[in-house]
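Here the sequence shown stands for residues -28 to -1, 1 to 120, where the numbers follow mature numbering (1 follows the signal peptide of the UniProt record, and there is no 0).
Since the structure comes first, as structure tokens, the remarks are kept for the end.
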Amino acid sequence: MAPRFSSRKVVVMVVVVVMLAVLPAVSAIQCYTCHSMEDDYCSDLKANETASKAFLRDCADANIPDNATAFCRKTIQTTLVDGTRRVIRRCGYIKNPKDCYHYDDSDHAEVQCQCFEDACNAARGLQGAASARALVASAAAVLLLLAR
């Protein structure tokens, strides 16, 4: 016989699942902040490496306006004259309609990407933890259903 759930239990389970999915994104975001002209290691930061953690900063300390939502940004600039490549990682608050975009002018080319999860501006591909949160929330929902 299939287990029966009261509507109250279902509502409680849904609230718990939603809270598990949303809470990690509500707190202040942390981003890598560095410039490869000041520190060569900034060019190839890798998430979860001990040396990379020295560059992780809370965006609440980044002079972001009170009414703005902070996010992480990674910019790769290449000068067209000599091919010098610079990597800039920082907090941002003015969003672009695209998560990544390319810009060229007479002296440099630039690729700028934005992301919205802690430490998401580390590696080449900017991948957030949203899918991991969804997986955890789904697993929690299944466990709650099986526990009754």
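Glycine included, each C-beta is placed from N, C-alpha and C at the ideal position.
- Taking the Cα positions, V59 is about 17 Å away from D71.
- In this structure, G64 is the residue among S78, G64, H80, Y13 with its C-alpha nearest to the C-alpha of F88.
- In terms of CA proximity to A34, R62 leads the group R62, T56, A23.
- Y13 is bridged by DSSP to nothing; it lacks a bridge partner.
- Per DSSP, reduced to three states, the secondary structure at K46 is strand.
- By the Cβ-count criterion, A94 is buried, with 16 or more other Cβ atoms from all chains shown falling within 10 Å of its own Cβ.
- Around the beta-carbon of T22, fewer than 16 other beta-carbon atoms lie within 10 Å, marking it exposed.
- Separation of the CB atoms of D79 and T51 is rounded to 6 Å, and the pair is thereby assigned contact status at 8 Å.
- Within its own chain, no residue has a Cβ closer than 6 Å to the Cβ of T56 once the five positions on either side in sequence are excluded.
- For A23, the enclosing alpha helix (DSSP H) stretches over residues 22 to 25.
- Around the beta carbon of D77, a 10 Å sphere encloses fewer than 16 other beta carbons of the protein chains shown; the residue is thus reported as exposed.
- Per DSSP, reduced to three states, the secondary structure at A32 is helical.
- One alpha carbon belongs to C85, the other to Y73, and they sit about 7 Å apart.
- For I1, the number of other beta carbons within 10 angstroms of its own is at least 16, and it is reported as buried.
- Beyond the five residues adjoining it in sequence on each side, Y13 comes within less than 7 Å, by CB distance, of A23 in the same chain, given in chain order.
- Around the C-beta of D11, fewer than 16 other C-beta atoms lie within 10 Å, and the residue is accordingly described as exposed.
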